[in-house]
Amino acid sequence: MARVLMKGCEAIAEAAVRAGCRFFAGYPITPQNEIPEYLSRRLPEVGGIFVQGESEIASINMVYGAGQTGTRSLTSSSSTGVSLYSEGVSFCASARIPIVYVNVARGGPGIGAIQPSQQDYLQAAKASGNGGFQMLVFAPSTVQEAADMTYRAFDCADRDRNPVLILADGVIGTIMEPVELPPMKSEEEVAANKKSKRSWACVGHKLGREHRSWIEPGSFDTTNLQQRNEEAAKMYETWTPEWEAYQVDDAEVVLTGYGISARIAKAVVDELRLEGKKAGLIRPITVNPFPYEAYEHIDYSCCKGILDVEMAIPALMIHDVKAGVKERASIDTCLCSGGNIMRKKAVMDAAGKILER
Amino acid sequence: METNLLAAGFGGQGVMTLGKFLASAACDAAEKHVTFFPSYGAEQRGGTANCYVVISDKEVGAPIGDEMDDLIAMNQPSLDRFLDRLKPGGTLYLNSSIVGEDIARKDIQIVKAPVTDLALKLGSAKVLNIIMLGVYIGCSGVLDPQVVWSTIEHKFASKPKLLPLNRKAFEEGLEIGRKNRT
Numbered sequence: 504m505a506r507v508l509m510k511g512c513e514a515i516a517e518a519a520v521r522a523g524c525r526f527f528a529g530y531p532i533t534p535q536n537e538i539p540e541y542l543s544r545r546l547p548e549v550g551g552i553f554v555q556g557e558s559e560i561a562s563i564n565m566v567y568g569a570g571q572t573g574t575r576s577l578t579s580s581s582s583t584g585v586s587l588y589s590e591g592v593s594f595c596a597s598a599r600i601p602i603v604y605v606n607v608a609r610g611g612p613g614i615g616a617i618q619p620s621q622q623d624y625l626q627a628a629k630a631s632g633n634g635g636f637q638m639l640v641f642a643p644s645t646v647q648e649a650a651d652m653t654y655r656a657f658d659c660a661d662r663d664r665n666p667v668l669i670l671a672d673g674v675i676g677t678i679m680e681p682v683e684l685p686p687m688k689s690e691e692e693v694a695a696n697k698k699s700k701r702s703w704a705c706v707g708h709k710l711g712r713e714h715r716s717w718i719e720p721g722s723f724d725t726t727n728l729q730q731r732n733e734e735a736a737k738m739y740e741t742w743t744p745e746w747e748a749y750q751v752d753d754a755e756v757v758l759t760g761y762g763i764s765a766r767i768a769k770a771v772v773d774e775l776r777l778e779g780k781k782a783g784l785i786r787p788i789t790v791n792p793f794p795y796e797a798y799e800h801i802d803y804s805c806c807k808g809i810l811d812v813e814m815a816i817p818a819l820m821i822h823d824v825k826a827g828v829k830e831r832a833s834i835d836t837c838l839c840s841g842g843n844i845m846r847k848k849a850v851m852d853a854a855g856k857i858l859e860r
Numbered sequence: 064m065e066t067n068l069l070a071a072g073f074g075g076q077g078v079m080t081l082g083k084f085l086a087s088a089a090c091d092a093a094e095k096h097v098t099f100f101p102s103y104g105a106e107q108r109g110g111t112a113n114c115y116v117v118i119s120d121k122e123v124g125a126p127i128g129d130e131m132d133d134l135i136a137m138n139q140p141s142l143d144r145f146l147d148r149l150k151p152g153g154t155l156y157l158n159s160s161i162v163g164e165d166i167a168r169k170d171i172q173i174v175k176a177p178v179t180d181l182a183l184k185l186g187s188a189k190v191l192n193i194i195m196l197g198v199y200i201g202c203s204g205v206l207d208p209q210v211v212w213s214t215i216e217h218k219f220a221s222k223p224k225l226l227p228l229n230r231k232a233f234e235e236g237l238e239i240g241r242k243n244r245t
């Protein structure tokens with residue numbers, strides 16, 4: 504497959520179409536507008552449906568509805584817009600409706616800033632709505648990963664009958680990079696996928712109460728609801744956290760971060776290694792489930808400290824890092840916020856300080 | 064080897080197109096890694112539009128470098144805003160048609176190209192970005208000019224009548240660039 508130069512948002516959109524996504528509803532917000540823009544043109548080409556909803560709340564509920572029919576469905580927004588998805592995503596999780604959604608994160612809290620940021624970590628990884636449901640949350644650090652993860656997310660969502668979130672950021676969404684796109688699923692494959700959901704999907708069933716599809720985002724029967732939550736919890740336990748460990752084995756300083764921050768931190772690790780300094784990187788690829796185990800691979804007898812690199816103030820992922828490190832090393836931070844993009848030099852300086860210990 | 068370029072100018076001077084063409088050409092040169100990052104801010108007409116292009120032999124780390132190897136300044140506000148970001152020993156590509164003053168920094172190479180005047184002489188003010196792209200390719204040697212030209216040809220596939228003018232513009236730029244190559 505030849506590589507093409509694509510914007511992160513467009514690569515996400517094209518990967519979704521190739522994965523068999525045939526419904527999108529969303530409401531405009533920077534910096535993710537290229538996803539709906541692209542799909543407004545692309546989805547009709549493959550017989551899909553694109554809707555610009557009148558709001559985020561309308562859009563997530565349309566996706567909830569489309570997902571109920573077994574159609575692979577997508578929505579995307581950014582930070583303050585994603586907050587408005589909370590109820591709908593929670594309903595999908597409760598009703599066990601597979602959907603995929605993308606947060607191309609920007610500055611926050613509130614309306615924040617239109618520039619890139621990573622302020623939504625806790626919302627994304629821990630509680631994207633009420634009710635304590637969990638989701639697989641993928642955090643791409645390149646355009647290639649953004650495309651691959653989106654493609655895969657639809658399979659995960661169908662397998663688990665659960666929402667999946669792609670937690671990107673304004674840099675990943677707006678940079679252009681060479682990307683090798685995943686293969687296009689044929690119309691037969693798309694149809695077969697939809698058909699495979701027939702047992703539960705609302706697609707028209709024989710008359711009579713016993714044949715009906717029941718899409719229930721809750722239950723007033725307490726025994727039933729507990730049972731459903733237990734089943735969901737069992738499903739969450741099947742997930743395997745994913746991470747990238749880079750030059751960690753002999754590292755005297757271990758940088759850790761996800762998405763764009765991790766990518767910048769990796770460049771810093773390379774620079775420090777060129778100077779003969781022992782630096783490494785742990786990059787969570789899934790931020791839920793969080794790869795606590797990754798921090799077991801650090802040699803704490805030679806590690807002088809951990810550097811948590813995030814485009815968020817206060818540090819948010821640090822709580823998970825602490826749980827992984829278990830007080831075996833001190834944890835420093837290198838942070839920026841407000842739409843400012845992490846500077847390599849700031850990370851270099853912060854890592855340098857730890858190495859001087 | 065990694066080259067960090069920041070290209071900046073007035074909205075309408077085609078700096079985003081310059082950056083995108085360069086990034087596309089780097090993508091077409093199979094062995095290169097590249098990122099193109101457009102700066103989206105509350106930019107207004109008359110303000111500066113800018114983009115970052117990183118071309119590398121290995122995976123690109125930071126798509127936005129702290130210090131630039133090369134700076135293309137198409138107008139005065141861009142020069143004022145970004146000159147400090149150019150690292151010592153870096154190269155400044157200046158649109159000398161409209162940015163005239165002496166540059167205080169003595170630790171950088173300066174390539175002056177009157178691209179606005181040259182574009183007008185060629186018959187269209189619009190091609191100033193293609194001339195500057197030629198200057199950059201000719202001087203920096205970051206990509207094979209032939210690869211860059213094929214990319215431009217490909218981009219203009221639907222408007223073939225624009226090709227001769229752009230070809231002239233690109234070659235004129237290349238020549239200026241090559242003369243300045245150290």
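For the record, the sequence lines run as chains W and A. For reference, each letter of the first sequence is one residue, going 504 to 860 in this note's numbering. For reference, each letter of the second sequence is one residue, going 64 to 245 in this note's numbering. All C-beta atoms in this analysis are idealised placements derived from N, C-alpha and C, irrespective of residue type, glycine included. All of these numbers come straight from a predicted model, not from anything done at the bench.
Quick check on residue i - is its C-beta less than 9 Å from some C-beta in chain A?
| i | result |
| --- | --- |
| W/Val605 | no |
| W/Arg766 | yes |
| W/Pro681 | yes |
| W/Thr645 | yes |
| W/Ile763 | yes |
Does any residue of chain W have a CB that is nearer than 9 Å to the CB of residue i?
| i | result |
| --- | --- |
| A/Lys150 | no |
| A/Ile118 | no |
| A/Pro101 | yes |
| A/Ala167 | no |
| A/Ala93 | yes |
Taking Cβ-Cβ distances shorter than 7 Å, what residues in chain A pair up with residue i?
| i | result |
| --- | --- |
| W/Ala770 | Gly124 and Ala125 |
| W/Lys848 | Asp129 |
| W/Leu508 | Ala86, Ser87 and Cys90 |
| W/Ile844 | Ile127 |
Suppose the cutoff is 6 Å on Cβ atoms and the five residues either side in sequence are ignored; what does the same chain contact list for residue i look like?
| i | result |
| --- | --- |
| W/Ser722 | Leu728 |
| W/Gly523 | Arg575, Lys688, Val693 and Asn696 |
| W/Thr836 | Asp811 and Ala818 |
| A/Gly128 | Asn67 |
| W/Ile552 | Phe526 |
| A/Ala86 | Val97, Phe99 and Val116 |
| W/Thr533 | Ile617 |
Quick one: which chain A residues come within Cβ less than 8 Å of residue i?
| i | result |
| --- | --- |
| W/Asp773 | Gly124 |
Would you mind stating whether residue i and residue j have Cβ atoms separated by less than 9 Å?
| i | j | result |
| --- | --- | --- |
| W/Cys512 | W/Thr677 | yes |
| W/Gly632 | W/Ser593 | yes |
| A/Asn229 | A/Val78 | no |
| A/Ala232 | A/Ile194 | yes |
| A/Leu69 | A/Asn138 | no |
| W/Leu813 | W/Leu838 | As written in the sequence, residue 813 of chain W is Glu, which differs from the Leu given in the question. For W/Glu813 and W/Leu838, yes; Cβs fall inside 9 Å. |
| A/Cys202 | A/Arg241 | yes |
| W/Gln457 | W/Ala514 | Residue 457 of chain W lies beyond the range of chain W shown here (504 to 860); nothing can be said about it. |
| A/Leu157 | A/Lys175 | yes |
| W/Phe641 | W/Ile763 | no |
Under 8 Å between beta-carbons, which chain W residues line up against residue i? List them in chain order, please.
| i | result |
| --- | --- |
| A/Thr98 | Ile678, Met679 and Glu680 |
Which residues in the same chain have their Cβ closer than 8 Å to the Cβ of residue i, if we skip the five residues on either side of it in sequence?
| i | result |
| --- | --- |
| A/Asp120 | Met64, Glu65, Glu94, Lys95 and His96 |
| A/Glu122 | His96 |
| A/Trp212 | Arg230 and Phe233 |
| W/Glu719 | Ser597 and Ala598 |
Report whether the distance from the Cβ of residue i to the nearest heavy atom of the ligand HEM is below 8 Å.
| i | result |
| --- | --- |
| W/Ser581 | For the structure depicted, the ligand HEM is absent and the ligand set is empty, with no information on it obtainable. |
Between which residues of its own chain and residue i is the CB-CB distance below 7 Å, once the five residues before and five after are set aside?
| i | result |
| --- | --- |
| A/Pro101 | Met79 and Cys114 |
| A/Val190 | Ala182, Leu228, Asn229 and Ala232 |
| W/Pro547 | Phe553 |
Which residues of the region 781–814 of chain W have a Cβ closer than 9 Å to any Cβ of chain A? Give them in chain order. none
Along the region 69–85 of chain A, where does the CB come closer than 8 Å to a CB of chain W? Name the residues. Lys83
With 7 Å as the limit, tell me which residues of the region 173–191 of chain A have their beta carbon closer than that to any beta carbon of chain C; keep them in chain order. Of the protein chains in this structure, namely W and A, none is chain C.
Which residues, taken in chain order from the region 653–674 of chain W, show a beta carbon closer than 9 Å to some beta carbon of chain A? Gly673 and Val674
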